[in-house]
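Right, one structure below, let's go through it.
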Amino acid sequence: MKGQASASWRGSAVKFRIPTAENLVPIRLDIEVDGHRFKDAFTWNPSDPDSEIVVFAKRTVKDLKLPPVFITHIASSIQSQLAEFRSFEGQEMYAGEKIVPIKLDLRVKHTLIRDQFLWDMNNFESDPEEFAKTFCKDLGIEDPEVAPAIAFAIREQLYEIAIQSVASARESRISKKGRRGVDHTPASKAGSTAVDLVKLFGHRSSVVRKRKEWDIYEPIVDVLSNEEVDALEAREERNAR
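Heads up: the sequence shown is residues 5 to 245, going by the numbering used here.
Here you go:
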């Protein structure tokens, strides 16, 4: 199954979608109204009816006891991010060799995670959530909020690379129409970095590197003290302003 998906991607142009088993849109909210701030990150199924957005916004505001004005802001932000995703649907993605580096650099409460590994953009059966669960199990991370945060970070990066692949496909079509001196190049630094990494390591059949095989990148997991967390949050607050 995975081999068939991979072959179809390499062999011909494909329509835009995030290269995972579930084509979910990463949604990030950061809303501040009247001194109240709400931040969240989650995935949304673009096939769900839009009426679910307002239902979700109302439930979130009720559960978190936020001012009612947040309903409109939450719903509007989700709708605009879904609209951006849908603007790419139906467009062609560049069908080429795509082994890309994924970087993790995130903090979930007291847990700080840094890692880098390769991901096969040709595999439409990949599962960021399953990978994140295995990652946490392998490294003994017990906080249940860490795995969803890792999966979300992966999905965000895959989404960005997929958008860049649409731009690459557009450039390729322009080049084929006879524009002199225009060669196809990946739209991102990540693309060129991926080629270098493939030359260095060679191709692997798995979606992501097996940790024992990829010794060049060692995952770093730190547990921060309360003082360190307070200092980081204060710095993030200053940067946000």
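Built from N, CA and C at the ideal position, the CB exists for glycine as well. These numbers come from a predicted model, not from an experiment.
For histidine 77, the enclosing alpha helix (DSSP H) covers residues 74-92. In the structure shown, alanine 238 adopts helical secondary structure according to DSSP, grouped into three states. Excluding the 5 residues flanking it on each side, lysine 62 has same chain C-beta neighbours closer than 8 Å at Ile75, in chain order.
Shown here, proline 71 sits in coil according to DSSP, grouped into three states, outside any helix or strand.
Listed in chain order, the alpha helix (DSSP H) runs fully inside the stretch 107-182 are 132-142, 150-180, counting runs of at least 4 residues. Each residue's CA atom was taken as its position, placing glutamate 232 and aspartate 119 some 20 Å apart. Histidine 114 is positioned such that its CB atom lies closer than 8 Å to that of leucine 228. In this structure, DSSP gives threonine 64 a helical state, which the three-state scheme calls helix. Counting along the chain, isoleucine 22 sits inside no beta strand (DSSP E), nor does DSSP assign it H or E at all. A contact is defined here as three or more CB-CB pairs under 8 Å, and the stretch 37-49 fails this definition with respect to the stretch 169-178. DSSP places proline 30 inside the beta strand (DSSP E), whose first and last residues are 29-37.
Taking one beta carbon from each stretch, the stretch 65-73 and the stretch 122-129 have fewer than 3 pairs nearer than 8 Å; the two do not touch. Here valine 29 really is in contact with glutamine 85; their C-beta atoms are around 7 Å apart, less than 8 Å. In this structure, tryptophan 48 lies near isoleucine 31, with their beta-carbon atoms less than 8 Å apart. For the pair alanine 155 and leucine 110, the CB atoms are not nearer than the 8 Å cut-off. Annotation for valine 112: Asp147, Glu149, Val150, Ala153 place their beta carbon closer than 8 Å to its own, counting only its chain and skipping 5 residues before and after.
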